[in-house]
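Okay, so the sequence shown: first residue is 93 according to the working numbering, each after it adds one.
See structure below.
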Amino acid sequence: IREASTLFSFGHAGAYDHEDDVTYLENDKVRIVDIGDADIIHTDTMKSHANIEEGVRAILAAGAVPIVLGGDHSVNIPCINAFADQDPFHLVQIDAHLDFVDERHGVRYGHGNPMRRAAEKPYVTGLSQVGIRNVSSTARDGYEDARAMG
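Structure, rendered in structure tokens:
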């Protein structure tokens, strides 16, 4: 990911589409910047999440659209939290799992529950979940809770 992103940091000529005769991502119209990794403290999830949220907020403050790649399922939560002072939005998730567990092994902000936390945010107007499989996507209570929340 990091190696590929550096291709854009030195001024990319864009992506030419020969069928439509148009160039996308032209350097004079679009800037793509890699701001690097968020500092992750493996023994402190909350501090790691704060660092991720800070990075996404900085991107938003610059008027840019954040694209976050890598990390585990818990990375979604601080990314979504960073939008708290932005306009309300509808969230699209592409995944095989609902990620709607309320709590797993005493953890509410980690693996299996980022979409549940997103649905609780007043600035998330709705969720569209694409690719959810029918077997082993979630436990019954997560499925029923997701249906009940719309």
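Here a beta-carbon is modelled for each residue, glycine too, at the ideal position from N, C-alpha and C.
The model shown is predicted, which means the values in this text are computed figures rather than measured ones.
Check: Rounding to the nearest angstrom, what Cα-Cα distance links ASP191 and CYS171 in this structure?; Outcome: 15 Å
Check: Confirm, please, whether the CB-CB distance from HIS141 to ILE169 is below 9 Å.; Outcome: yes
Check: Pull up the distance between the alpha-carbon of GLU118 and that of THR98, whole angstroms please.; Outcome: 15 Å
Check: Taking the Cβ atom as the reference point for each residue, do ALA130 and ASN143 lie within a distance shorter than 9 Å?; Outcome: yes
Check: Could you check what DSSP says for ASP112 in three-state terms: helix, strand or coil?; Outcome: coil
Check: Per DSSP, ARG196 is paired with what?; Outcome: VAL199
Check: Please confirm whether VAL184 and THR230 have their CB atoms less than 9 Å apart.; Outcome: no
Check: When DSSP builds the beta bridges, which residues end up paired with LEU183?; Outcome: LEU219
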